[in-house]
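Novice: The structure under discussion is supplied below as structure tokens; questions concerning it will follow.
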Amino acid sequence: MADEVVILNGVKETLTALKDFDKDAVKRFNKVINSELSGAERDAKGLISEDPPMSGWRKADAAKGRTRGGAGWPGWNPAEIKSKITKTKAKGKVQGDYTTSAGALLNKSAAGSIFEVAGRKTKSSMGGGSSAQFLRTLGNRFGQASRVVWRVVDKDKARIEQNVAKALEEAKAELKKHLSRERV
Amino acid sequence: MAVGSIVARILTEYSDKGTKQAVKDISKMEKKFGDFSNKAAKAFGLAALAAGAFAVKVGFDAVKAATEDQKSQTLLANSLRNTVGATDAAIASTEAYITQMQAEFGVADDQLRPALARLAAVTGSVTKAQTLLGVSLDIAAARNIDVEQASALVAKAYGGNIGALKKLFPQISAATVKSKDFAGALKEISGETKGAAAAAANTFAGQMERIKLAFGEASESLGYKLLPQVKAFADLIITKAIPAIQKFVDENGNRIAAGFKTSISYGIAFAKLMYDVFSFVARNAKVFVTLGAIIVAAFAGAKVAAATAALIKGISAIIKVMKALRTVSLAAAAAEALATGGISAAAGAAAFGVALIGVGLAAKKFNDDSDKSLATLGKFGVDAKNFAVTADDYTKGIDGMTNATNGLTTATNDQIKAQKALDALKKFGIKNISSTDAITLEAVRKNQLKQQKLGISSPTISLAASAGHGNIAGNTTMNGGNITVNVAGSVVSQGDLVAGIKNGLEVIYRRRGGSGYAVL
């Protein structure tokens, strides 16, 4: 992820006030956010292959057993995985730095989540057995962890932030212009 | 947001949740911003009302802030003059320096001024004080204490008491403390404190603090502009309004006081009167229960209209008495009359009692003159004007009223009986009857009952001749043949039976062609 974070401030207040003067300006701003998030969502879905990441990953949920390919191990259903990659503008939990999400990508399917984060904590070099082999193969074929939504965010976040921040500034400027005009 | 899913945040927004000071400041700003935008938007639609209110609020806050700021400035200027002999130019320069520090480090001028004054007093130099103020700001930021506290520690250290500073910064060596080497102490802590204030000011929280202070400064500036107007208003109040009010009170005070006194005395008198009246009602609840009984009895009778009229007259009598009571009580001698509360209460009670007797009599006779109730006042020797009666009169009145009520009850019972009798006669179709005597009505009812019985069971009497002696139906009965009398139904009396036979024989006689044959 990018090191620097652009923190948007006063989005709600600006839009609420601006709505009274120029609804089109509000629509323009919302369109920027929505199109940026939609683009990211589309890119993330594009990273999901139609075939399972490896030959042993069944396409349907396994009936029993505990190992990979057994019960509890989700099948690789690309349609379901893609449908559960979504964008959201919901506000999440407020972090310690007094920030919250104003736009994010979600990866909600079990299979998609495994594909996204497998090997993030457990290194493939550690230990042996099927788990290590799974991580090695996954890493070799699709790169290290953060393979879907995080990958897209890492790649595009800076650009999206800049575009949205610019749109917000324009909205604020628009509001200011209206207020100044009305005050005369 | 979904729970359990992977969330990759793209856009980050500041949130005012979960903070304390930051939340307070931000929400305040948001509110002011929101208020302003709302009011600005409405102001142009609804003229200047909302904006005016906002302006008053802003103006009030601004003037308050400016007043406090002015006080703070004056204190610093006075301190600098006294401690270091600062000139006006030096004081102005210090104010500029403080304003700059406030903007740069996000520390309020209200905190900076006392700190600077303290350091100037210790060092005897404005320049040195300003330098040490910078050090104090760094210490305050490094140890998260306020600037005044930090400046106090620095001032002590400057005076040779480095121990206090060592408590915050243990790295200060014992040798430095012992030698009271202020410069050495600052050097030892500089590694930790240098640039702390600037770094803190550049954090997000620090920037918010700076914005808040900038807003406060703007508010103060506005306040300074408003101060002359406020001062002029205050002068107007002090020099014009208050003296005018004072003069008015001086000139009219006695009259106002007298007016109040009179009003209050009337108020007290009236309150006491009301107390007496209600107290009387409470003490004589039985009387009012009796009154209720009279009303019920009166309306149970047939002549409702008459009873109503009687009651109205009776109640009018009560009203007259009450009016008289009120007139007397609120007259010039109100205070004296009410002072003798027992007599007044007794008088009121007597009047009520007499009035109730009036109700009783009127209800009994239905058409009596209502003034009779007032006339009864004389019977009991009540002086309606002065109410100079005693409690005995009231007792007599109650006794008289009880007798009257008993009489009324008997008459009413008779009337109820008569009404019942009339209702019973309605079953026989009799509606209009002039008599109201219960005995007569009962006799009528019994007669009707008898007649009804006769009508229902009227006997059928027929005559038949014996065989061989002719046939009555064929008019062939001859020469004294036997005649059989058939009776269907009950015959109440012998007379009825004879009459029936006689009628039958007459029929036979007529059927024989009027030959004049007589059976009997």
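First to last, the protein sequences are chains A and B.
Residue numbers for the first sequence follow this note's numbering, so the first one is 148 and each next one is one higher.
Residue numbers for the second sequence follow this note's numbering, so the first one is 483 and each next one is one higher.
Glycine is no exception: its CB is placed at the ideal position from the N, C-alpha and C atoms.
Note that the structure is predicted; figures quoted are calculated from it, not measured.
#1: Does any CB atom of chain B fall closer than 8 Å to the CB of Lys255 of chain A?
#2: Kindly indicate the opening and closing residues of the beta strand (DSSP E) around Leu252 of chain A.
#3: Quick one: what's Tyr496 of chain B bridged to in DSSP?
#4: Just to check my reading of the structure: Ala623 of chain B and Thr565 of chain B have Cβ atoms closer than 8 Å, yes? What is that Cβ distance to the nearest angstrom?
#5: Can you give me, in chain order, the residues of the stretch 220-251 of chain A that have a beta carbon less than 9 Å from any beta carbon in chain B?
#6: Please give me, in chain order, every unbroken run of the alpha helix (DSSP H) with length at least 4 that falls completely inside the stretch 173-215 of chain A.
#7: Rounding to the nearest angstrom, what Cα-Cα distance links Lys676 of chain B and Ala572 of chain B in this structure?
#8: Under 8 Å, with one C-beta from each stretch per pair, do the stretch 233-246 of chain A and the stretch 259-269 of chain A reach the 3-pair mark?
#9: For Asn156 of chain A, which residues in chain B fall below 8 Å Cβ to Cβ?
#10: In terms of residues, what are the limits of the beta strand (DSSP E) holding Lys234 of chain A?
#11: Alpha carbon to alpha carbon, how far is Leu465 of chain B from Val980 of chain B?
#12: Against chain B, which members of the stretch 285-315 of chain A pass a CB distance test of less than 7 Å?
#13: If you draw a straight line from the alpha carbon of Leu253 of chain A to that of His325 of chain A, how long is it in whole angstroms?
#14: Under three-state DSSP, which class holds Arg491 of chain B?
#15: Specify the secondary structure class of Ile154 of chain A as computed by DSSP and reduced to three states.
#16: Short check: CB of Ala597 of chain B to CB of Val300 of chain A, under 8 Å?
#17: If you run the structure through DSSP and keep just helix, strand and coil, what is Val566 of chain B?
#18: In this structure, does DSSP put Asp628 of chain B in helix, strand or coil?
#19: Suppose only complete runs of 4+ residues qualify. What are the alpha helix (DSSP H) ranges in the stretch 605-652 of chain B, listed by chain order?
#20: Given that Glu263 of chain A touches chain B, what residues does it touch there, using C-beta distances under 7 Å?
#21: Could you spell out where the alpha helix (DSSP H) holding Ala258 of chain A opens and where it closes?
#22: Just to confirm, is the Cβ distance from Ala207 of chain A to Gly222 of chain A under 8 Å?
#23: DSSP three-state call for Val659 of chain B: helix, strand or coil?
#24: Spatial neighbours of Val169 of chain A within its chain, please: CB distance less than 7 Å, with the 5 preceding and 5 following residues excluded, ordered by chain position.
#25: With DSSP collapsed to three states, give me the class of Asp301 of chain A.
#26: Would you decide whether Glu263 of chain A is buried or exposed? Buried here means 16 or more other CB atoms lie within 10 Å of its CB.
#27: Starting from Lys669 of chain B, trace the alpha helix (DSSP H) both ways and give me its first and last residue.
#28: Look at the alpha carbon of Asn560 of chain B and the alpha carbon of Ala568 of chain B, and state the distance between them as a whole number of angstroms.
#29: Pair every Cβ in the stretch 608-625 of chain B with every Cβ in the stretch 666-675 of chain B, then say whether three or more of these pairs are closer than 8 Å.
#30: With burial defined as no fewer than 16 other Cβ atoms inside 10 Å of the residue's Cβ, what is the status of Arg288 of chain A: buried or exposed?
#31: Where Gln582 of chain B and Thr613 of chain B are concerned, what is the direct C-alpha to C-alpha distance, given to the nearest angstrom?
#32: Note down the Cα distance separating Leu285 of chain A from Ala305 of chain A, rounded to an integer number of angstroms.
#33: Starting from Ala682 of chain B, trace the alpha helix (DSSP H) both ways and give me its first and last residue.
#34: Does DSSP put Ala529 of chain B in a helix, a strand or coil?
#35: Sort B:Ala678, B:Val636 and B:Ala682 by Cα distance to Lys662 of chain B and report the nearest one.
#36: Run the CB neighbour count on Pro200 of chain A, radius 10 Å, all protein chains shown included, and call it buried at 16 or more, exposed below.
Specialist: The structure says:
#1: By one-based count along the first sequence, residue 255 of chain A stands at place 108. It does; some Cβ of chain B falls within 8 Å.
#2: Numbered from its first residue, the first sequence carries residue 252 of chain A at position 105. Per DSSP, Leu252 of chain A belongs to the beta strand (DSSP E) from Thr246 to Asn254.
#3: Taking the first residue of the second sequence as position 1, residue 496 of chain B is located at position 14. Looking at the DSSP assignment, Tyr496 of chain B forms a beta bridge with A:Thr246.
#4: In the second sequence, counting from the first residue as 1, residue 623 of chain B sits at position 141. In the second sequence, counting from the first residue as 1, residue 565 of chain B sits at position 83. Not a contact, Cβ separation roughly 26 Å.
#5: So the list reads Lys231, Thr233, Lys234, Thr235, Lys236, Ala237, Lys238, Gly239, Lys240, Val241, Gln242, Gly243, Asp244, Tyr245, Thr246, Thr247, Ser248, Ala249, Gly250 and Ala251, given in the order they occur along the chain.
#6: If we require 4 residues or more, the stretch 173-215 of chain A turns out to have no alpha helix (DSSP H) run fully inside it.
#7: For the purposes of this step, residue 676 of chain B is identified with residue 194 of the second sequence, where counting begins at 1. For the purposes of this step, residue 572 of chain B is identified with residue 90 of the second sequence, where counting begins at 1. Their Cα atoms are separated by approximately 27 Å.
#8: Here the stretch 233-246 of chain A makes no contact with the stretch 259-269 of chain A; the two share fewer than three CB pairs at distances below 8 Å.
#9: Working through the first sequence from its first residue, we reach residue 156 of chain A at position 9. Those within 8 Å of Asn156 of chain A in chain B are Glu495 and Tyr496.
#10: Here residue 234 of chain A refers to the residue found at position 87 when the first sequence is read from its first residue. Ile232 to Thr235 is the span of the beta strand (DSSP E), which, as asked, contains Lys234 of chain A.
#11: Because chain B spans 483 through 1002 in this model, residue 465 of chain B falls outside it and cannot be assessed.
#12: So the list reads Val296, Trp297, Val300, Lys304, Ile307, Glu308 and Val311, given in the order they occur along the chain.
#13: Working through the first sequence from its first residue, we reach residue 253 of chain A at position 106. Working through the first sequence from its first residue, we reach residue 325 of chain A at position 178. Straight-line measurement puts the Cα of His325 of chain A at about 37 Å from the Cα of Leu253 of chain A.
#14: Position 9 of the second sequence, counted from the start, is the residue given in the question as residue 491 of chain B. Residue state, collapsed to three classes: strand.
#15: Reading the first sequence from its first residue, position 7 is the one you call residue 154 of chain A. Reduced to three states, the DSSP call for Ile154 of chain A is strand.
#16: Taking the first residue of the second sequence as 1, we reach residue 597 of chain B at position 115. Taking the first residue of the first sequence as 1, we reach residue 300 of chain A at position 153. Taking a C-beta distance under 8 Å as the contact criterion, Ala597 of chain B and Val300 of chain A do not qualify as a contact pair.
#17: As a position in the second sequence, residue 566 of chain B is number 84, starting the count at 1. Reduced to three states, the DSSP call for Val566 of chain B is helix.
#18: Counted from its first residue, the second sequence places residue 628 of chain B at position 146. Here Asp628 of chain B carries a coil assignment [DSSP, helix/strand/coil].
#19: Within the stretch 605-652 of chain B, the runs of alpha helix (DSSP H) that reach at least 4 residues and sit entirely inside it are, in chain order, 608-625, 629-640 and 645-650.
#20: Translated into the one-based positions of the first sequence, residue 263 of chain A becomes position 116. Residues of chain B passing the Cβ test: Ile488.
#21: Counting from 1 along the first sequence, the entry for residue 258 of chain A is found at position 111. Element bounds for Ala258 of chain A: Ala257 to Val264.
#22: On the first sequence, residue 207 of chain A is found 60 positions in, with the first residue counted as 1. On the first sequence, residue 222 of chain A is found 75 positions in, with the first residue counted as 1. It is a contact, given that the beta carbons lie within the stated cut-off.
#23: If you number the second sequence from 1, residue 659 of chain B lands on position 177. In this structure, Val659 of chain B counts as helix in the three-state DSSP scheme.
#24: As a working mapping, residue 169 of chain A is identified with position 22 in the first sequence. A quick correction: the sequence has Asp, not Val, at residue 169 of chain A. If we look at Asp169 of chain A and ignore the five residues flanking it on each side, its Cβ neighbours are Glu321 and His325.
#25: Here residue 301 of chain A refers to the residue found at position 154 of the first sequence. Asp301 of chain A carries a helical assignment under DSSP once its states are collapsed to helix, strand and coil.
#26: Position 116 of the first sequence, counted from the first residue, corresponds to residue 263 of chain A. Per the 10 Å Cβ criterion, buried.
#27: The residue given as residue 669 of chain B occupies position 187 in the second sequence. Phe664 to Thr675 is the span of the alpha helix (DSSP H), which, as asked, contains Lys669 of chain B.
#28: Indexing the second sequence from 1 puts residue 560 of chain B at position 78. Indexing the second sequence from 1 puts residue 568 of chain B at position 86. Here the C-alpha atom of Asn560 of chain B lies approximately 9 Å from the C-alpha atom of Ala568 of chain B.
#29: With the cut-off at 8 Å, the stretch 608-625 of chain B and the stretch 666-675 of chain B touch.
#30: Along the first sequence, read from residue 1 onward, the residue named residue 288 of chain A stands at position 141. Burial state of Arg288 of chain A is exposed, judged by a 10 Å Cβ sphere holding fewer than 16 other Cβ atoms.
#31: Residue mapping note: residue 582 of chain B aligns to position 100 of the second sequence, counting from 1. Residue mapping note: residue 613 of chain B aligns to position 131 of the second sequence, counting from 1. Gln582 of chain B and Thr613 of chain B: Cα-Cα distance of roughly 14 Å.
#32: Here the question's residue 285 of chain A lines up with position 138 in the first sequence. Here the question's residue 305 of chain A lines up with position 158 in the first sequence. The alpha-carbon atoms of Leu285 of chain A and Ala305 of chain A are separated by roughly 27 Å.
#33: Residue mapping note: residue 682 of chain B aligns to position 200 of the second sequence, counting from 1. From DSSP, the alpha helix (DSSP H) with Ala682 of chain B extends over Ala678 to Ala683.
#34: Indexing the second sequence from 1 puts residue 529 of chain B at position 47. Bear in mind that the predicted position of Ala529 of chain B carries a pLDDT of just 41, short of 50, making it too unreliable to give a figure here.
#35: Reading the second sequence from its first residue, position 180 is the one you call residue 662 of chain B. Of the listed residues, the one whose Cα sits closest to Lys662 of chain B is B:Val636.
#36: What you label residue 200 of chain A is simply residue 53 of the first sequence in a count that begins at 1. The residue in question, Pro200 of chain A, is buried, as its Cβ has 16 or more Cβ neighbours within 10 Å.
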